[in-house]
Each structure stands twice: as structure tokens, then as C-alpha cells.
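Okay, so here's the structure we're looking at.
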Amino acid sequence: MTADQLLLLLPIILVAMTTVITMLSICIRRSHVASCLITALGLLLALLSLIIVHPLGAQEVTPLLLVDDFKLFFTALILAAALAVTLLSYPYMVNLEDHQDEFYLLIGIATLGGLVMAGSAHFITAFVGIEILSVALYGMIAYPLHRSLAAQYPMEASIKYLVLSAMSSAFFLFGVALLYAQTGTLHFQDISPEFGQIEAEGAGAAYFVLAALMVMAGFAFKLSLAPFHIWTPDVYEGAPLPATTFLATVGKVAMAALLMRFMSVSRLMDSDAIMTALMVISALSILVGNLLALRQTNLKRLLSYSSIAHMGYLMIAMLVVDTGAQSMGAEATGFYLTAYVVMTLGAFGVMIVLSGCAHERDHIGHYKGLFWRSPWLALVFTAMLLSLAGIPLTIGFIGKFYVFAAGVEGMQWILLATMVVGSAIGLFYYLRVVYVMLLPADTVDSDHSLTPTDLDPLPEIGLRDVLPHAVLLLLLAALLIPGVIPGGLMELLRSVMAGLS
Amino acid sequence: MMALWLIIVLFGGGLLAWATELADPRAPRIVALLSVLLALLLVLVICATGAPQPDSPGAQWFLLEKWEWIPRFGIFLQFGVDGLSLLMLLLTTFLGLISVAAAWNEIQQRCGFFYFNLLWTLAGVVGVFIALDLFLFFFFWEIMLIPMYLIIAIWGHEDRAYAATKFFIFTQAAGLVLLLAILAMAWLHMEQVGRFSFDYFELGNLLMEAPVQLLLMLGFFIGFATKLPSFPLHSWLPDAHSQAPTAGSVLLAGLLLKTGAYGLIRFTVPLFPDAAADFAPVAMTLGAISILYCAKLAFAQTDLKRLIAYTSVSHMGFVTLGIFAWNIQGLQGAFMTIMAHGLSAAALFMIAGGLQLRFHTRDIYVMGGLWAVLPGMAAMALFFSIAALGMPGLGNFVGEFLSLIGAFRTHAWITVVAALGLILAAVYSLWVIQRVFHGAVSPVAESAGRVPDLSRVEWVAYGTMAAGLVWMGVHPQSFLGFTEPVLQLLLETSQ
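Protein sequences, first through last, are from chains C and W.
Using the working numbering, you'd call the opening residue of the first sequence number 1 and step up by one each time.
Using the working numbering, you'd call the opening residue of the second sequence number 1 and step up by one each time.
Shown next as C-alpha cells:
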């Protein structure tokens, strides 16, 4: 390994060092502020190190890791999201009657896993990355375990995630093993349905499809695509808000980046059977996510179902990823993921800022009249929800437009029609939240659909809330600016994705 | 820059109105009034000083402006104003003033946010009328929905949540179908020319096979017919109207419905002439059904605002008839109906809103004998009802008459059936007048005691709208002259 190659790994090394330093500082003296600051600074430094890394150009650092523009883009996205979660977590955790420090440690470790996934083009690193991320997440989900007043079911959520995630890993590994038995390689680029056909009598092709579908099932579990989505609402609801946020943003982006690399580098999509299976998964996710979100009154569950639907939209673009060099699929996927991270972070961010570990405001009734009680937070929340619904002036609209464009290019008419139907259904539940925020705070709740109503005073904004609110402001800017002038981000993605495949 | 300024004035005015609420709760309405006045002034300046530029496509365009926006997809900030858009802008800014007047005393809570929404809706409508890039058009098309949703959802009446959500879901879902069709066109342009384009003029030159053209035309038709609204897609309108505050109803009936009609004239038929010609019998049948069916439904309503809403759908049927006849009489008729109905429906909704403000009811069976109590308002109601039923000498007559002539030339039988709607219109209009204003003074009016008749603001608003209708009825040529060359060109290029 040359010095240059080592330098290319700088972001990963910096994040790894951050976790080590956090651990050491915990050994010396426990301090919530110090742990949070060290983690935040480490992530920020790793983010800034991209300025050094970027000019070095794309290279393979050992056969296991590929550092190219694609990896750097998603590194930036993951680091930014992790940084935002770290900063948002501080006021939430500050009143926890337990040690807070390890939470930041877990954020650092999970981020490390995400970075590895973004740069892998090989099943070994893919698996190692997935497991680093997941194992850290088990801890994060169960974090406020010892305090009864915190999130309601952290243990249940964590066990559920642990068991199902382990099962999906098993699927994934079995699929990888089958592929390896057939192709003799773990490199994404060597995976191709042709290997199956070399063997006689067609059984080989079915064997390949089975193996690839098992790998896909592993991906679908982690991306919570229907019908592998069952864990999502429970885990989202049970976990403390910062962990939910991390899972919903970094967890999804890292997995989606890996899947995108896998689908564009390998020639998996040459197989019609796999294409069909993915189309079904995409359509199912859109319908299931949107329909089940309709009657939710818990916002964490609502956003979890909405995330299932959004991953379904994402799959439409993903299916078009490898249709040609000029393909819009990769750009659309990248854009939609960016949009998804911004709006999910923003929506959960508002909930975190309004909540504390002793009292999570996650029921729709808690948000009644927010528009008149805290106009600023309500404005941010409304903007995020409208963006999730795909309304113009927001990044979510351009994202949806991009996916539409990719779908038209790939002639996925049925999926696009599903997306239209899904978006129309989606409007209903996003608007319901907006409407509840618009109600006068003292409206009588005749049918108890909004109980528990919560007229407790909102948390006062003190000095320690400055950074979380600044994060929300940045997210609002990241929502509106690319929503109005998307040209810059599009050009960036175009150059990033040109190097893919 | 003129067209861009028009939009900036309204968007900026909205933000300013919201901000000034902090200083004084009465400031927002003044800011709103001033910025709409400024916009009206800009439109009048374009009217007075502009002349069609000879070097523009078809030599029709008073203004053409173009800036780069999203180069990746070949999307431009492209605005154009021709005779047709100019008069639509005139209607928009004028009704903008009327809606500010309607809200002047009615809106007492959260004024800043209200006028912000009102001005942003107006900005969206203005954008729709001048955008020549289909992406930009769609952008504005969607922009106007959210503020309108908020107007209904915050300041609406008892069942506002249902109405606002229904309005939004209907129009947004139809909008997505429209977006899909627009994207498919841009992609076809990519296939044929090698780059994306959303340019109105460039997309007009696309070559499309008949089935593709029909599908895309249907996408556009569904998008616009929902907003218009036409028969099977109309059910959101009565709910939205009956729950919206008066200013919201004025905007909805006067302007938002007209964006649908404008879309049909400007985009649906010219971009897909062959498919539209094939589809014309279906569309005209839908128009005729709208006219008769909704007139009948109007007759069955007890809620005054719902009743007027159904008559709106009925009148919009004439617009569909006129447009799909696709000859000069039909188009001019559709256009005149748009303008005249914009004024008469806005005025009738204001009267309904005024009655609700005074008697706290919209039920026509509860009202009665109000002529004695409110002579001024009763006279105005009579005038606008008569205008709406198509009395010669007023604008609506010109519009409906021309639509029917145009439609008769192409599809005589549908037109004969549709013309029966004129009789129904007379029946329900006069019935309302009789129910509400004639007869014995009702208990509601008695118990309300002395209610004020029209205020000065209301007199001015009703007076100018009435004058507008008379002008349209007596000298329609001053409007038709503006649009005739534009419509002729549309007809020629899409034969």
C-alpha cells in the first residue's frame, strides 16, 4: 500500500481514530460534552479531509476498497448526516440518568461501517461494513434501556432488529456463498448471469437467480423494502429518536449506496427474472408503505412507513442504473438519496428538538397547534413534510421529478403509475400532520383522534440548543436551495456518477 | 424583465405582508393591496405600451424572456405574454384586488399569513399564465396549490379539513399525471433531437405516433380537466368552495378554474391536434354532461355556496364545448366565458360570503325576504345572477352564445342537448333570488336585527365587477380583438 493509497483512506482513518479517542476519553473521565464534541469534531475533520482526498483521483486501495468519486460523494453524505445526528442528540441526551458517552461512541462506529460500505466493490468489505453498522445500531436502539421514562420499547425494538437483521445477514451470506460457488470470485464486477448459463441444461440459470435473489433479500431487509419491511415500524417506534434518525438516514444511505454499486458494477440486471422481482418489490413497497401510513397516529411509525414508500420510489431509479453510459438512473438515485437524507433528518430533527429522553413527542396530538406555539419549528417541519410529499420549491420535488425522468427513460410505465398513485395517497397523511399543526392549540378534540394532546410548555431554547437549531436551519437551506436551483447538485452528481460502472 | 417583475412583486409582497404583521395587524392587508395594485399597474403598462414583436414566433408575443435554469434537463425560465395571456393577467390581477377586498373585513386572525398565502396563490396563477417552459409551467401549477390549501385549511368553515385535503389530493394527483406526460414529451424530444427540452415552441414540433399522442393528450387532459373541473373529476370543487373563506372562493372560482381552461387552450389541443380532434366528441360529451348534470345538482343544493359551486362546474362545461370545437367562434366563446364567469362567479361567492358573515348561515331555506333588510346586496345579487344565467347585454351571454355557435358547427347534436343548460341556468338562478331575497322576512333576518348593508369597499368591488360585465357584454370586441390573432394562429398551426 502506497502513501497515496493510505491518504485515500483518510476519512475512514479519521473516523476510526475518533472512536478510539472517544473511548480513551471515557476511560480518563466521563463527560457528556467532551464525548459529543470529540465525535462531532472527528466527523467534521473527516468531512473536511475530503478536500485533500478528492484531488488524488480514483484508485483501488487493495482489491477490497474502491475510492472513487462515488465513494467520496456518499462518504460526504454519510458524514454530514452522522454529524447532524450527533449535534441533535446532545440536548436530547442531556437529561438521561445514565451514561451518555457510549452513544457517541456507537455513532462513530456505525458511521465507520457506513463509510466502508460506500467504498466496497467486494462482498467481504460489503459484509464487514454491514455488520459494523448493524452491531453498533443494536446498541443505539436499546440505548436508554435502564430508564423507564425514555423511549417506550427500546429492548423489544433492539431484539427485533437483532434477530431480523441477523436473519437477513444469513440470507445475504448464503447468497454470496452460492454466487462464489458458481463464479469463484467475490468481486462485484465478476457477477454475471452468464456464469449460470455456462452450466448445462438451464438449471444453472435458476441457481444464479436464486443466489442473486438471496443477496437482494438481504439488501431489501436493510432498506426495509416490502415484503421485508415488517421490522421497520416497530424498530422506528421503539428506538430513542436519535437512534431512529441515524438508522433512517445513515443506515439507509450506506445500504443504498452499496446496492447501487452492486447493481451497476455487476451485470445482475441482465437477468429478466431478477429485474421482475425487483419491480415487484418496488411496486409493493410503494403501495404497502403509503397505505399502511394512512392511519398512523404515531409520527415515528408514520415516517417509517413513509420511508418504506420512499425506498420503493428509489428502486424505480435504481432499476435504470445500468441501462447505459448516459443513463439518468444513477444520477436520479443519488439525487433522491440526498433529498431523502435531508428531509428525513429535518423531520426527525424537529421531533428530537421538541423531545427529551424523558418525554418523546412522537404522537400526532403532540403537534396540535405547533404553528402558533413555535412557528419556526412548525415551519421547518412543514417544509420537510411537504418535501417528503414532493411539493415544488423543495428538494423532494426535484428528486421525484428526477426519478420520474429516470423511469420514463427506462420505460417503467407500470412503476411510474404506481408512483403516481402512491404519491397521491401519501399526500393525505403528510397533509394531516400539517393540518394538525395548523389547528388552534385549544381546539376541542371531539373524537379523541389527537389524544394524547400535549399542551405542556415546549422546551425552552437555551444555549445548548443553538447547535441543533443551527442544524435545522442548514437542513432547511439544503431543502430549499436545491429545490429552487438544482443545477449545481445535478452537475455534481453527473460527474460523480460518470465514473460508476 | 417585465414578466419576471410581475412574479417578484407578488412573491415579495407576500413575504413582506407576513413580515409586517409583527408591526401592526392591519398592515398586511395594505401591503397586499399595494402589491396587487402594482402588479395590475404592470399589466396595464404592458397593455398600453406593448405591441406584438414582429420577430417573435408567429409575431404574437408582446414579451418573451428566457434565462437558463436547470441546464441538465434543458429547462429555462421562459416567460411569454401574448394577447391571450395578457387578458388572463388582467383578470388575475383584477380579481386579486377583489379578493383582497373580500378579505378586508372578513379575515381577523393571523392576517399576515393569510395575505402571504393569497399573494402566493396569485403569483402561482400569474406564473401559469406566462410560463412557456413546460417544467416552469408545472412548477407554478403546483406552487399555487399549497397556499390555497392553507387558505381553506386555516380560515375555512366547519368541515375545512376534509375539503382542503380533498382539493389537494385531487389536484395534486392529476398534476402528477400531467407531469408524467410532460416528461414523456421531454424524453421524446431527447430521442428525436438529442437533448431534453421543455420549450413550448420546440415541443410543438415533435413527431408522435397516433397512440402515443393520444396517451399524452389524455395525460394533459386529465391534469387540466380536474382543475377546470369537468364532469367525472369535479367532486372536489363543491366541498372546497363551500368551506373556503370568501376570498378563497373568489380565487378558486375566478382564477384557479381558469388555469385549467387556459391549459386546454394553450397546451392540450395545440400540442396534440390530431389526438384532440379524435377525442373531441368525448370531451364535448363530458362538457355537455357537466352542463346539464351539475345544473341539476345545483338545483338540489341547500347550501348557497355549494349551489354556486355546481353552477360553476356547469358553466365550465361551455368552456370545454367551445375549446374542443376548435374553431374561432368556439375558442372566442370559451375565452369570453372564462373572463365573464371569472367576474360573475367571484361576485356571487362574495355575496354568499357576505350573507354568511351577516347571518351566520349558508342555508337558503333559512334565509328569505332579505330584500327588505339588505336592498343593496339584493340588487347586486339579482344583477350577477342574471349575468350568470346568460342575459344578453352582459359578458356571459357573449361567451356562451359563441361557444354554442362554435360547437354547433362541429357537433350539432351534442350542442343541442347542451343548450338546454341555458334553461336550467335561468331556473336555478331565479329560484335562488326568490328563495333568499323575496318572500316574507325570515326569522334569521329578524333575529339578526339591523345588519349593515354593503360597505363602501363592497360597493366599489361589486360596482367594478358589474361594470366589467356590462363592458364585456356591450363591446366584447375590445377583448376579442386582443385574442383573435392569437387564437387564429393556434388554429392555423394545429390544423
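C-beta: ideal position from N, C-alpha, C; glycine also.
Compute the distance between the beta-carbons of residue i and residue j, then report whether it is under 8 Å.
{"i": "A425/W", "j": "A247/W", "result": "no"}
{"i": "Y430/C", "j": "L385/C", "result": "yes"}
{"i": "F479/W", "j": "M336/W", "result": "yes"}
{"i": "G254/W", "j": "A388/W", "result": "no"}
{"i": "A340/W", "j": "M185/W", "result": "no"}
{"i": "A226/C", "j": "S168/C", "result": "no"}
{"i": "T320/W", "j": "S290/W", "result": "yes"}
{"i": "V235/C", "j": "I141/C", "result": "yes"}
{"i": "H229/C", "j": "T297/C", "result": "no"}
{"i": "M269/C", "j": "M263/C", "result": "yes"}
{"i": "A181/W", "j": "L145/W", "result": "no"}
{"i": "Q412/C", "j": "L319/C", "result": "yes"}
{"i": "V128/W", "j": "T93/W", "result": "no"}
{"i": "A466/W", "j": "F383/W", "result": "yes"}
{"i": "P229/W", "j": "C111/W", "result": "no"}
Against residue i, what residues of chain C qualify as contacts under a CB-to-CB distance less than 7 Å, listed in chain order?
{"i": "V43/W", "result": "By Cβ distance, chain C contributes nothing, its closest Cβ being about 24 Å from V43/W, past 7 Å."}
{"i": "A153/W", "result": "Y435, L438"}
{"i": "F139/W", "result": "P392"}
{"i": "A161/W", "result": "Y435"}
What residues from chain C crowd round residue i, counting only those whose CB sits closer than 8 Å?
{"i": "E142/W", "result": "I391, P392, F397"}
{"i": "L183/W", "result": "F401, F404, A405, V408"}
{"i": "I7/W", "result": "Near I7/W there are no residues of chain C at all, since even the closest Cβ is about 13 Å away, more than 8 Å."}
{"i": "I146/W", "result": "L386, I391"}
Which residues in chain W have a C-beta closer than 8 Å to the C-beta of residue i? List them in chain order.
{"i": "V420/C", "result": "A173, L176, V177, L180"}
{"i": "R510/C", "result": "This structure leaves residue 510/C out entirely; chain C is present only between 1 and 501."}
{"i": "A424/C", "result": "I169, Q172, A173, L176"}
{"i": "L287/C", "result": "The premise fails here: L287/C is roughly 15 Å from chain W at the closest Cβ pair, so nothing lies under 8 Å."}
Using a Cβ-Cβ cutoff of less than 7 Å, which residues in the same chain neighbour residue i once the five nearest sequence positions on both sides are dropped?
{"i": "L393/C", "result": "L480, G483, V484"}
{"i": "A298/W", "result": "L307, Y310, T311, S314, Y428"}
{"i": "P233/C", "result": "R301, S304, Y305"}
{"i": "T483/W", "result": "G83, L84, L87, Q332, F335"}
{"i": "V496/C", "result": "D69, F70, F73, G334"}
{"i": "Y143/C", "result": "F103, P154, P240, A243"}
{"i": "L10/W", "result": "S35, A39, L119, L122, A123, V126"}
{"i": "Y138/C", "result": "S158, Y161, L162"}
Assuming residue i is part of the beta strand (DSSP E), what are its boundary residues?
{"i": "F62/W", "result": "61-70"}
{"i": "V67/C", "result": "65-67"}
{"i": "V61/C", "result": "59-61"}
Report the neighbours of residue i on chain W: residues whose CB is nearer than 7 Å to its CB, in chain order.
{"i": "P486/C", "result": "I70"}
{"i": "F428/C", "result": "T165, I169"}
{"i": "L416/C", "result": "L180"}
Considering residue i, what are the terminal residues of the alpha helix (DSSP H) in which it resides?
{"i": "E142/W", "result": "134-143"}
{"i": "D4/C", "result": "3-8"}
List, in order along the chain, the chain C residues whose C-beta lies closer than 9 Å to that of residue i?
{"i": "W187/W", "result": "A405, V408, E409"}
Looking only at its own chain, which residues have a Cβ that is under 6 Å from the Cβ of residue i, when we skip the five neighbours before and after it?
{"i": "G175/C", "result": "A211, M214, V215"}
{"i": "I151/W", "result": "N117, G248"}
{"i": "F221/W", "result": "T268"}
{"i": "F198/W", "result": "I75, D133, L134, F135, A186"}
{"i": "M148/W", "result": "T121"}
Using a cut-off of 9 Å between C-beta atoms, extract the partners of residue i located in chain W.
{"i": "M490/C", "result": "I70, P71, R72, F73"}
What residues in its chain sit with their C-beta under 8 Å from that of residue i, if we drop five residues either side in the sequence?
{"i": "V505/C", "result": "Lying before the first or after the last residue shown, residue 505/C is absent from chain C, which here runs from 1 to 501."}
Beta carbon of residue i: closer than 7 Å to some heavy atom of the ligand NAD?
{"i": "F188/C", "result": "The ligand NAD is not part of the structure shown, which contains no ligands of any sort."}
### Message
Can you confirm whether the region 16-27 of chain C touches the region 100-113 of chain C when touching is taken to mean that 3 or more C-beta pairs between the two stretches lie within less than 8 Å?
### Response
yes
### Task
Report yes or no: do the region 49-68 of chain C and the region 432-444 of chain C share at least 3 C-beta pairs separated by less than 8 Å?
no
### Task
Pair every Cβ in the region 60-78 of chain W with every Cβ in the region 14-23 of chain W, then say whether three or more of these pairs are closer than 8 Å.
no
### Segment contact flag, the region 416-425 of chain W with the region 446-456 of chain W, C-beta cutoff 8 Å, min 3 pairs
no
### Query
Should the region 463-476 of chain C be regarded as contacting the region 82-93 of chain C, the criterion being three or more beta carbon pairs within less than 8 Å?
yes
### Message
Across the region 206-215 of chain W and the region 185-197 of chain W, are there enough close Cβ pairs to call them in contact, namely three or more that are closer than 8 Å?
### Response
yes
### Message
Using 8 Å as the cut-off, can you tell me whether the region 128-146 of chain W makes contact with the region 40-55 of chain W, which would need three or more C-beta pairs spanning the two stretches below that distance?
### Response
no
### Three CB pairs or more closer than 8 Å across the region 89-105 of chain W and the region 162-181 of chain W
no
### Query
Do the region 311-321 of chain C and the region 348-357 of chain C make contact, defined as three or more Cβ pairs closer than 8 Å?
no
### Query
Looking at C-beta atoms only, is the number of pairs between the region 344-358 of chain W and the region 269-278 of chain W that lie closer than 8 Å three or more?
no
### Task
Decide if the region 259-268 of chain W is in contact with the region 389-404 of chain W; the criterion is three or more beta carbon pairs, one per stretch, under 8 Å apart.
no
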